[in-house]
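*Asks:* Below is a structure I'd like to ask you about.
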Amino acid sequence: MTRRAAIAVIVGALSTPAHADTSYRWQLMVSDGVSNGLILTSASDRLTSSTHGVFAYLGVASYALGAPILHAAHDDWGTAGLSLGTRVALPALLGWGAHGACMHWGGRRGKFLPCYGAAAAGIIGGVLTAQFLDWTVLDHTDEPKTIMLQLGGGF
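Count along the sequence shown starting at 1, add 376, and that's the number in the numbering used here.
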């Protein structure tokens, strides 16, 4: 039953109708919540070894493709490409950079294995940063955004 529920949540989050005049930020958040939940579920000790892989693959695929598909469904193809790029590049670059920094400055120069924790922290930071950027910067809405610049002076 849990598989059916997880699949229903994913399909429901990704198949909501597109409306040009409303924000779809909540749809991005639901998609990311589902992917994060699937990834965290795959780390559960109560699952069998074959089920770990299924939830992990579904979670990673939902993370990487969920928001770009939503942007494309709202006819914003450029944003879909940017979203996919940030969701792939940020975790990879931050994980690689954190691992390299640990190897170089961590006092464990030449020992590859102890720096996996730093790489995992970089990947998690990249995932959360990409999701936050998608929700705040890449979500194009028709709602007016107020930007004010004040110049003042007195005599």
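From the three backbone atoms N, C-alpha and C, an ideal C-beta is built for every residue, glycine too.
For clarity, every value in this text was computed on a predicted model and none was experimentally measured.
Please confirm if the stretch 438–448 is in contact with the stretch 461–476, defined as three or more CB-CB distances below 8 Å between the two stretches.
*Replies:* Verdict: yes, contact present.
*Asks:* When DSSP labels each residue in this structure, what does Val513 get in the three-state scheme?
*Replies:* Walking along the sequence shown from the start, residue 513 turns up at place 137. Coil.
*Asks:* When you compare the CB positions of Ala474 and Ala495, do they come within less than 8 Å of one another, or not?
*Replies:* Looking up residue 474 in the sequence shown gives position 98. Looking up residue 495 in the sequence shown gives position 119. Going by C-beta atoms, Ala474 is nearer than 8 Å to Ala495.
*Asks:* Name the two residues that bound the continuous alpha helix (DSSP H) containing Asp408.
*Replies:* In the sequence shown, residue 408 corresponds to position 32, counting from 1. Where Asp408 is concerned, the enclosing alpha helix (DSSP H) stretches over Arg401 to Ser418.
*Asks:* What are the boundary residues of the alpha helix (DSSP H) that includes Cys478?
*Replies:* Looking up residue 478 in the sequence shown gives position 102. Segment Trp453 to Trp481, the alpha helix (DSSP H) holding Cys478.
*Asks:* Expressed to the nearest angstrom, what Euclidean distance is found between the alpha-carbon atoms of Tyr400 and His447?
*Replies:* Here the question's residue 400 lines up with position 24 in the sequence shown. Here the question's residue 447 lines up with position 71 in the sequence shown. Cα to Cα, Tyr400 sits roughly 9 Å from His447.
*Asks:* Is the beta carbon of Asp510 less than 8 Å from the beta carbon of Leu434?
*Replies:* Working through the sequence shown from its first residue, we reach residue 510 at position 134. Working through the sequence shown from its first residue, we reach residue 434 at position 58. No; because the gap between Cβ atoms is not below 8 Å, this pair is not in contact.
*Asks:* Is the CB-CB distance between Leu469 and Gly493 below 8 Å?
*Replies:* Position 93 of the sequence shown, counting from 1, holds the residue named residue 469. Position 117 of the sequence shown, counting from 1, holds the residue named residue 493. In this structure, Gly493 does not lie closer than 8 Å to Leu469 by Cβ.
*Asks:* In whole angstroms, what separates the C-alpha of Ser459 from that of Gly476?
*Replies:* Stepping through the sequence shown from its first residue, residue 459 is reached at position 83. Stepping through the sequence shown from its first residue, residue 476 is reached at position 100. If I take the Cα positions, the gap works out to 26 Å.
*Asks:* If the criterion is Cβ atoms closer than 8 Å, does the pair Leu514 and Thr455 meet it?
*Replies:* On the sequence shown, residue 514 is found 138 positions in, with the first residue counted as 1. On the sequence shown, residue 455 is found 79 positions in, with the first residue counted as 1. Yes, Cβ-Cβ distance for Leu514 and Thr455 is below 8 Å.
*Asks:* Are Ile415 and Val430 touching if we call contact CB-CB under 8 Å?
*Replies:* To locate residue 415, count along the sequence shown from 1; it is residue 39. To locate residue 430, count along the sequence shown from 1; it is residue 54. Going by C-beta atoms, Ile415 is not nearer than 8 Å to Val430.
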